[in-house]
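Just below is one structure, and these are the notes that go with it.
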DNA sequence: ATAAATGCAAAGTCTTTGCAGGCAG
DNA sequence: CTGCCTGCAAAGACTTTGCATTTAT
């Protein structure tokens, strides 16, 4: 995963201004293991920035996603964000339905799945959902996806 | 894929009333290869049922999904529905980004992906996106996912 | 007959947009 | 100083809910 400094640098190098809010956002995502909803982000940021508005959160999430420092996933209960994985090597994720932490799967099934009838593959998704060790021992949150 | 009769029967056997609208819905989904948005469904149904309201479309889509006769996928541009595959054997899909037709992949990567540290697997997703033969020859629609 | 399905209207949720003032570079 | 960022307010897109009427069983 990118570090907070790498995120800031990457944003700066693409011409974005580095505000205190964006620095805090970078730190928040780096310190978070799982996915965050816009609301999660808003709630967290509100503690530090009174008068923060939702639209700024949305704007920044979208900009950071476009800059490539955040990844966005559409869960069944809405959009969620996390810091981009450093793209050293292609991989997939196991995602815990309890705490939403992710664990990398380095195995990629793509080479083994033969495309039918000249299907031109553009991208693929391989995601495994379940419960991590901790959440099995300590079940509390509902299934989310 | 289920037939229109099988859909109707399955709904009836679970206590739902079979209205003309639901019969038409069943037929629409059986006759459609790709995914339909609620709006697609509404537009189609409007032709036959003047005064149709959106909420009835939503209600029926949700009910049919809960009955297991429709499958729902969250695309990045919203929810879409299609008739359920008959569940004879577990499989995955290649989904065309042009026409949204799906092609089965019978290979399942799950047995090959080892779960880390006692991860208890609940479900998984393996989806391949690209362009089918026809849509490569005849590109027109934008990428949708 | 009676419980479910529908249409209508309204509300709810989530997200985006326009604008004026504020702040990073 | 200049243009990007922000907060505010409002609008927009999509989906759900409550209620009275209609309809399948």
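Protein chains in written order, with my numbering: chain A, 1 to 145; chain B, 146 to 290.
Yeah, the Cβ is synthetic: ideal placement off N, Cα and C, and Gly gets one too.
Model, not experiment: these values are computed from the prediction.
Original post:
Quick one: is residue 146 of chain B near chain A, going by C-beta distance under 9 Å?
Top reply: With 9 Å as the cut-off, residue 146 of chain B does not count as an interface residue toward chain A.
**OP:** Mark residue 78 of chain A as exposed unless 16 or more other C-beta atoms lie within 10 angstroms of its C-beta, in which case mark it buried.
**Re:** exposed
Original post:
Beta carbon of residue 67 of chain A: closer than 8 Å to some heavy atom of the ligand ATP?
Top reply: Absent from the structure shown: the ligand ATP. Ligands present: none.
Original post:
DSSP puts residue 36 of chain A in a beta bridge; with which residues?
Top reply: A:81
Original post:
Quick one, are the C-beta atoms of residue 240 of chain B and residue 271 of chain B less than 9 Å apart?
Top reply: no
Original post:
Is the segment 206-214 of chain B close to the segment 147-163 of chain B, with three or more CB pairs under 8 Å?
Top reply: A contact between stretches requires three or more CB pairs, one per stretch, nearer than 8 Å, and the segment 206-214 of chain B meets this requirement with the segment 147-163 of chain B.
Original post:
What does a CB cutoff of less than 7 Å around residue 169 of chain B pick up in its chain, not counting 5 residues either side in sequence?
Top reply: 190 and 193
Original post:
Mind checking residue 83 of chain A: buried by the 16 CB within 10 Å criterion, or exposed?
Top reply: buried
**OP:** Quick one: list the residues of chain B neighbouring residue 76 of chain A, beta-carbon separation under 7 Å, in chain order.
**Re:** 219
Subject >> Cβ shell of residue 3 of chain A (< 8 Å), same chain only, five flanking positions each side left out >> reply: 30
**OP:** Give, in chain order, every residue of the segment 111-141 of chain A whose Cβ lies closer than 7 Å to some Cβ of chain B.
**Re:** 112, 113, 115, 116, 117, 118, 119, 120, 121, 122, 123, 124, 125, 126, 127, 128, 129, 130, 131, 132, 133 and 136
Original post:
Could you give the distance in angstroms between the alpha-carbon of residue 58 of chain A and the alpha-carbon of residue 159 of chain B?
Top reply: Cα atoms of residue 58 of chain A and residue 159 of chain B: separation of roughly 42 Å, rounded to the nearest angstrom.
**OP:** Hey, could you find the ends of the beta strand (DSSP E) residue 103 of chain A is sitting in?
**Re:** 102-105
**OP:** Evaluate residue 196 of chain B with the Cβ neighbour count: other Cβ atoms within 10 Å of its Cβ, from every protein chain shown; 16 or more gives buried, anything less gives exposed.
**Re:** Residue burial annotation: residue 196 of chain B is exposed, with fewer than 16 other C-beta atoms found within 10 angstroms of its C-beta.
**OP:** On a CA-only basis, which of B:260, B:274 and B:206 is nearest residue 156 of chain A? Give me that one, please.
**Re:** Examination of residue 156 of chain A is not possible in this model, given that chain A is present from 1 through 145 alone.
**OP:** Compute the Euclidean distance between the alpha carbons of residue 198 of chain B and residue 205 of chain B, then round it to the nearest angstrom.
**Re:** 11 Å
Original post:
Does residue 250 of chain B have its Cβ less than 9 Å from a Cβ in chain A?
Top reply: yes
Subject >> Between the CA atoms of residue 218 of chain B and residue 188 of chain B - distance to the nearest angstrom >> reply: 20 Å
**OP:** Could you work out which residue in B:221, B:183, B:235 and B:220 is closest to residue 207 of chain B when comparing CA atoms only?
**Re:** B:183
**OP:** From the DSSP output, in three-state form, read off residue 153 of chain B for me.
**Re:** helix
Subject >> Which of helix, strand or coil DSSP assigns to residue 142 of chain A >> reply: Residue placement at residue 142 of chain A cannot be trusted, given a pLDDT of 42 that sits under 50; what the coordinates show is reported in the next sentence. Looking at residue 142 of chain A - three-state DSSP - the assignment turns out to be coil, as it is neither helix nor strand.
**OP:** At 7 Å on the CB atoms, spell out the chain A contacts of residue 206 of chain B, in chain order.
**Re:** Correct list: empty, because the minimum Cβ distance to chain A is about 14 Å.
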